[in-house]
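Residue numbering for the sequence shown follows the working numbering, starting at 428 and increasing by one per position. Notes for the one structure printed next.
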Amino acid sequence: MSDAYIDRLLAKDSFWAFVALDDERIVVGLTAHVLMMTQDEHAELLIYDIAVEASYQRRGIGRSLIESVREEASAHRIRGGLLADNRDAHAVDFYRRLGAADSAVTLFEWDDSNGDAMG
428 MSDAYIDRLL AKDSFWAFVA LDDERIVVGL TAHVLMMTQD EHAELLIYDI AVEASYQRRG
488 IGRSLIESVR EEASAHRIRG GLLADNRDAH AVDFYRRLGA ADSAVTLFEW DDSNGDAMG
């Protein structure tokens with residue numbers, strides 16, 4: 428990823444990035460996107476990715492970071508949700524332990540053959 432792309436992403440109010448640090452080292456990272464809805468006047472926060480360094484897993488740090496993100500979203504009156512690939516059993520189990528409920532939604536994807544990313 429180019430620095431210019433990252434700069435554009437970080438400049439968007441609709442992109443949220445959270446980290447947990449050990450001293451000055453990032454050990455957990457989370458990204459999310461705020462989406463304005465059309466069925467009524469509200470926004471939803473979609474937690475897109477969370478990564479926990481292996482040696483820091485199972486310590487509650489990822490859980491704490493997600494709770495912090497949920498509190499921040501709630502303070503802005505933004506509803507929240509997240510995606511998990513059903514093939515990633517570890518992630519699915521983790522989100523269920525957090526009290527998240529499965530939603531009967533199918534995500535359809537297509538391949539942009541020209542490789543040009545929107546943005």
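Just so it is clear, CB atoms sit at the ideal spot from N, CA and C, and this is done for glycine as well.
| query | Which residue comes first and which comes last in the beta strand (DSSP E) that contains I493? | reply | Here residue 493 is taken as the residue at index 66 of the sequence shown, counted from 1. That residue, I493, is in no beta strand (DSSP E); its alpha helix (DSSP H) goes 488–502.
| How should V446 be labelled, buried or exposed, when 16 other C-beta atoms within 10 angstroms of its C-beta is the threshold for buried? | The sequence position of residue 446 within the sequence shown is 19, counting from 1. Classification of V446: exposed, given that the 10 Å Cβ count is below 16.
| query | Considering only the beta carbon of each residue, do I453 and I477 sit closer than 9 Å? | reply | Translated into positions along the sequence shown, residue 453 becomes position 26. Translated into positions along the sequence shown, residue 477 becomes position 50. No; because the gap between Cβ atoms is not below 9 Å, this pair is not in contact.
| My guess is that G575 and E471 are in contact by the Cβ rule of under 8 Å, so how many angstroms apart are they, rounded? | Shown here, the chain extends from 428 to 546; a query on residue 575 therefore has no answer.
| request: Determine the burial state of L525: buried for a count of at least 16 other Cβ atoms within 10 Å of its Cβ, exposed for fewer. | output: Position 98 of the sequence shown, counted from the start, is the residue given in the question as residue 525. It is exposed - the Cβ of L525 has fewer than 16 other Cβ atoms within 10 Å.
| Contacts around A459, its chain only, beta-carbon distance under 7 Å, and the 5 residues preceding and following it disregarded | To locate residue 459, count along the sequence shown from 1; it is residue 32. Cβ within range, chain order: W443, L472, L473, I474, Y475, V496.
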